[in-house]
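Student: Residue numbers (the working numbering): 61 to 614. Quick reminder that beta carbons are idealized off the backbone N, C-alpha and C, glycines included. I'd like to ask you about the structure that follows.
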RNA sequence: GCGCCUGUAGCUCAAUAGGAUAGAGCAACGGACUUCUAAUCCGUAGGUUGGGGGUUCGAUUCCCUCCAGGCGCGCCA
């Protein structure tokens, strides 16, 4: 388990506060963050600004008063200075930073693991694409985000399960079955059209061929309900297999595939409706049953049971989330495509109606990918059959590039992804920039091995940081566990990407500035190799969080 | 019409729960490989943070308003 520098600083600040200003400031009001400017030290706190309001003194004065006790309390850890209008700056002791290099070396793949989540039972549900067609590029963005977020939460001490919700009932599935039947008949030479609202994509043709091969044309002799059932199931199963295969190749693996139909088979869809009725949040109007979602901020109330007696998708979705709750999850994270954002208020309202804790459900919206090809935007719609499959993107640019492009930005923002450009500029692609750092370090160790150099143990090779560059890099290493925490808390994998660009920038500069292997100075060489080793460990661990590979050669 | 997201350098984006002098990459220009991987590095240039108000020690960040773009507003899923 890794230590967090800001945690340590906070503890010390707390101690000083209890002594000097008991009960005056809440801990969450206090910010302890890295500084941007070197002259401001390594970390800084706004403590004095917060306190000044309460004690009616200038921030500068408050800071000056605190300086002495903070200095004493942080002895051997950091030097304390007051600057600006009242900032309190911390200058970490070099040996504290050095200890993190040792820690990385010692913990290896566990370096960066923290206990922020305290084993909280968490579910991340994502992708959950209707099994009516192949995954396209937009789904890839959801997949990369959900998967990476899960990995980060795990690293931060949450107990995480990844789930895919399969919408295998309803009109769309009937249409899918009918579309497959049309393709099937076309194979047999019949002149039939695919239903107007059906699925026109050619991906159903091989599935129809497979069905013909397995079951023969006798399928058509079945009674209409039986026949539809066969086509439906066959289509769903095969499309799901394809989806699973695409996801596998994209390095996304789900723990649970949950079928919507199981909610109906288990009677849970009906159950949830009675439950909501009992709680008194429903009413009948126009022959339908409504849930009073407007009680909790939705624009209007929503239908649970249609006039014709069948439950809506909304009803089964509530049942699904109730099921998650019953499975014991304390935190559920849903990742949805942007076209579902109008659905969020009613879902939160439903959770309230069920009396679930406010923070039980978190919903994240992933904005669409604007896919460009030579500057021309491409629309993605499963129904029209004109889409760019995720498979094609993987084949064209590779998994590492695709995942990284999706992850390097806040998923809530629109992403422009020009396939041609990603291919053409693949040489100065950001993902290669960071992987190159890893490969360079690997190469260093191949070189030392070739020359028969055995570095001294880290402790024996260290006598302070040779230059500012090594200190800066150590600081970034020491900050990695912190990044894991920030990224987990804010549910933002892209913070890891920014961090990596930063760390690798420092490393590449360092590498160009100094010769690392110098056989005439084994002490210095050993320290620098140790530092590189720690960088490599951090890179490898961070890449793992993003699901990209850590190449030894490029 | 209502709701959500977005607006920062020519382009793509940062700015770490309101922090100190708004930073990177690409594109442009000028430099660095007989020595550990030049997929790299160093330097130059580039800004009224969409406009206008407000909140306070401090605003790219929060609030109001206007402008521009994207998405959504079914007893579809």
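Looking at the strands, I want to know which residues DSSP matches up with residue 397.
Tutor: Partner(s): 426.
Student: If I'm right that residue 595 touches residue 501 with Cβ under 8 Å, what's the distance once you round it to whole angstroms?
Tutor: Rounded to the nearest angstrom, the Cβ distance from residue 595 to residue 501 is 6 Å, consistent with a contact under 8 Å.
Student: Would you list, in sequence order, the uninterrupted beta strand (DSSP E) runs of no fewer than 3 residues that lie entirely inside the segment 325 to 362?
Tutor: Inside the segment 325 to 362, DSSP marks whole beta strand (DSSP E) runs of 3 or more residues at positions 342 to 345, 348 to 351, from first to last along the chain.
Student: Return the chain-ordered list of same chain residues with a C-beta closer than 8 Å to the C-beta of residue 154, the five sequence neighbours on each side being excluded.
Tutor: Cβ neighbours of residue 154 within its own chain (closer than 8 Å, five residues either side excluded): 524, 525, 531.
Student: Check whether the Cβ atoms of residue 619 and residue 307 lie closer than 8 Å to each other.
Tutor: There is simply no residue 619 to check, as the chain begins at 61 and stops at 614 in what is shown.
Student: According to DSSP, simplified to helix, strand and coil, what is residue 139?
Tutor: strand
Student: Can you give the beta carbon distance from residue 142 to residue 124, rounded, assuming they're within the 8 Å contact cut?
Tutor: 6 Å
Student: Whole angstroms are fine: how far does the CA of residue 338 sit from the CA of residue 331?
Tutor: Just so you know, the alpha carbons of residue 331 and residue 338 end up roughly 11 Å apart.
Student: On the DSSP letters alone, give me the boundaries of the alpha helix (DSSP H) that residue 540 sits inside.
Tutor: 528 to 550
Student: Should residue 200 and residue 314 be called a contact, given that it needs their Cβ atoms to be closer than 8 Å?
Tutor: no
Student: Just tell me which of 459, 517, 90 has its CA closest to the CA of residue 77.
Tutor: 90
Student: So residue 94 is in the beta strand (DSSP E); what residue range does that whole segment cover?
Tutor: Boundaries of the beta strand (DSSP E) harbouring residue 94: 92 to 94, taken from the DSSP string.
Student: Do you know how far the Cα of residue 584 is from the Cα of residue 517?
Tutor: The straight-line gap separating the alpha-carbon atoms of residue 517 and residue 584 is approximately 12 Å.
Student: Using beta-carbon positions only, say whether residue 177 and residue 217 come within less than 8 Å of one another.
Tutor: yes
Student: Tell me where the beta strand (DSSP E) around residue 241 begins and ends.
Tutor: Premise fails: residue 241 lies in the alpha helix (DSSP H), 231 to 247, not in any beta strand (DSSP E).
Student: Assuming residue 149 is part of the beta strand (DSSP E), what are its boundary residues?
Tutor: 147 to 152
Student: For the segment 352 to 366 against the segment 406 to 414, do three or more pairs of beta-carbon atoms, one drawn from each stretch, fall closer than 8 Å, so that the two count as touching?
Tutor: yes
Student: DSSP three-state label for residue 225, please.
Tutor: Correct three-state label for residue 225: strand.
Student: Within 10 angstroms of the Cβ of residue 116, are there 16 or more other Cβ atoms? Answer buried if so, exposed if not.
Tutor: exposed
Student: Measuring alpha carbon to alpha carbon, tell me which residue in 605, 325, 610 is nearest residue 170.
Tutor: 605
Student: Between residue 272 and residue 244, is the Cβ-Cβ spacing less than 8 Å?
Tutor: yes
Student: How many angstroms separate the CA atom of residue 69 from the CA atom of residue 135?
Tutor: 11 Å
Student: Taking residue 237 and residue 291 to be in contact with their CB atoms under 8 Å, please state how far apart those CB atoms are, rounded to whole angstroms.
Tutor: 4 Å
Student: Going by C-alpha distance, which of 103, 79, 248, 80 is nearest residue 65?
Tutor: 103
Student: Could you tell me if residue 446 is buried or exposed, where buried requires 16 or more neighbouring beta carbons within 10 angstroms of its beta carbon?
Tutor: For residue 446, the predicted model reports a pLDDT of 45, less than 50, meaning its position is unreliable; a value from the coordinates is still stated below. Exposed, because fewer than 16 other Cβ atoms sit within 10 Å of the Cβ of residue 446.
Student: List in chain order: all unbroken beta strand (DSSP E) runs of 3+ residues lying wholly within the segment 462 to 526.
Tutor: 475 to 478
Student: Just the C-alpha distance for residue 573 and residue 528, rounded to the nearest angstrom, thanks.
Tutor: 12 Å
Student: Starting from the C-beta of residue 95, find all residues in its chain whose C-beta is less than 8 Å away, skip the five residues before and the five after it, and write them out in chain order.
Tutor: A distance below 8 Å between beta-carbons, with the five flanking residues on each side excluded, links residue 95 to the following residues of its chain, in chain order: 101, 102, 103, 104, 149.
Student: Which same chain residues end up closer than 7 Å to residue 601 when comparing Cβ atoms and leaving out the 5 residues on each side of it in sequence?
Tutor: Cβ neighbours of residue 601 within its own chain (closer than 7 Å, five residues either side excluded): 169, 171, 172.
Student: Are three or more beta carbon pairs between the segment 380 to 399 and the segment 419 to 428 nearer than 8 Å?
Tutor: yes
Student: To the nearest angstrom, how far is it from the Cα of residue 83 to the Cα of residue 120?
Tutor: 21 Å
Student: Taking 8 Å as the threshold, find out whether the segment 241 to 261 comes into contact with the segment 319 to 330 through three or more Cβ pairs.
Tutor: no
Student: Would you please state the rounded distance, in angstroms, between the beta carbons of residue 198 and residue 429? I believe it to be under 8 Å.
Tutor: 5 Å
Student: From the DSSP secondary-structure annotation, give me the bridge partner or partners of residue 182.
Tutor: 220, 391
Student: Please name the residue in 482, 467, 80, 79 whose C-alpha comes closest to that of residue 207.
Tutor: Among 482, 467, 80, 79, the Cα nearest to that of residue 207 belongs to 467.
Student: Tell me the rounded alpha-carbon separation between residue 541 and residue 514.
Tutor: 29 Å
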